[in-house]
Amino acid sequence: MLEKIHMYLKAYHLLERFELCEPITVEFLAQGEYNQNFLISDQTRKFVFRLNYGSQLHLDNQVQYEYQALKWLERTKRTPKVYYVDDHKNFFDQGLLIMEYLAGSPLDYRSDLSEAAKIFGKIHQQPLDETANRLFVKETQSILSARTTECEQLLDPVFKSNYISKFAKHQFDEALDWCKNNVKQQQFFIDLNQWCVTNTEVNSHNFIIGQQSFLIDWEKPVISHAVQDISQFLASTTTLWRSNLILSQTEKEQFIQAYLKDTHFDNETFKEALHIYHPYLMLRALSWSAMAYDSYQTDTKELQNQEIFAKVKSYLQKDFLQQALKEQIFE
């Protein structure tokens, strides 16, 4: 793959376009569930070369969606700049992006919560214009029903799986029924009418913390309520994902207060939004984990990451699953 990327850069005259001088290096950088990222560099310039392997939003052209989203988000100065998109799949079987390389470290929940609050605040306060309303998938009428539909799709192979325990299936079935029966609560969000662009995938490794800090990995942004990002950011499934910790009530309260100071959302209203949304977020996170576990076991996953496999397996353990499906941000 490294050699193929080098060949692509030469064949499409991208060395000249990006002012890269031979010899250049191509190195593996990081891999998620739906993307592979590589670092291309010479002695002075660095870029990220990103290959896309799927769409969680079930889009026909995932890589073009991500490209346009990043272009719109550049105004926040808290997301990576994107320079190039190729969705033709002539050279690679995957769509691809070339974007800015950002130096820094993943977010540390113990030391970087205030910086995360500022990043979220800057992005969530960005006014929605005509371009945003045309570009982004909207959940303005379906913030809860979209989660139940998504969970039904994720759980379909789980309920049929030979690798998921009967206990886990029963827990998912009960939680899905509860969410479907309470979906009318989304009227709370519709009445608030406080919509913004949300990332929807805000684990610690999707932050770059440095002199200037950023939120990266914008493969599935949607127009929704800001609580969608904040709920996920504070969830145990997220904090445990790469950091292996659970935030204390004090830490969560300090983060929320810093975020509300930047965004001017009403404290009580925002916490009520968190209370309503969080069960749907947890069901979605755990449904995805169960689906991913099954796909690893049945060898139907195109990209595989053993660290992720170990994590989703741990989320299906009886005690964790039972507690997580009942989790609330503030007890």
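So the sequence shown is numbered by numbering that gives the first Met the number 0: it starts at 0 and just counts up by one. The C-beta atom is built at its ideal place from N, Cα and C for all residues, glycine as well.
{"Check": "According to DSSP, is Cys20 part of a helix, a strand, or is it coil?", "Outcome": "coil"}
{"Check": "Run through the DSSP bridge pairs and tell me what Glu99 is partnered with.", "Outcome": "Phe46"}
{"Check": "Mapping the DSSP letters down to three states, classify Asp128 as helix, strand or coil.", "Outcome": "coil"}
{"Check": "Under the assumption that Val221 contacts Glu129 (Cβ atoms under 8 angstroms), give the Cβ distance between them as a whole number of angstroms.", "Outcome": "Contact doesn't hold; Cβ gap of about 17 angstroms is too wide."}
{"Check": "Compute the Euclidean distance between the alpha carbons of Val311 and Ala289, then round it to the nearest angstrom.", "Outcome": "7 angstroms"}
{"Check": "Helix, strand or coil, according to DSSP, for Val136 in the structure here?", "Outcome": "strand"}
{"Check": "Can you check which of these residues, Ala167, Tyr258, Ile275, Ala272, is closest to Leu336 by C-alpha distance?", "Outcome": "Given a span of 0 to 330 for the chain in the structure shown, any question on residue 336 remains unanswerable."}
{"Check": "Taking C-beta to C-beta, are Ile328 and Gln184 nearer than 9 angstroms?", "Outcome": "no"}
{"Check": "What first and last residue would you give for the beta strand (DSSP E) that runs through Ser288?", "Outcome": "Taken as a continuous stretch (DSSP letters only), Ser288 belongs to no beta strand (DSSP E), being part of the alpha helix (DSSP H) at 266 to 296."}
{"Check": "Kindly indicate which three-state DSSP category Phe206 falls into: helix, strand or coil?", "Outcome": "strand"}
{"Check": "If Ala145 and Leu324 are in contact, beta carbons under 8 angstroms, what's the gap, nearest whole angstrom?", "Outcome": "Incorrect: roughly 19 angstroms between the Cβ atoms, too far for contact."}
{"Check": "Taking contact to mean 3 or more Cβ pairs, one atom from each stretch, closer than 8 angstroms, check whether the stretch 84 to 94 and the stretch 220 to 240 are in contact.", "Outcome": "no"}
{"Check": "Where DSSP assigns a beta bridge to Thr238, which residues make up the other side?", "Outcome": "DSSP lists no partner for Thr238."}
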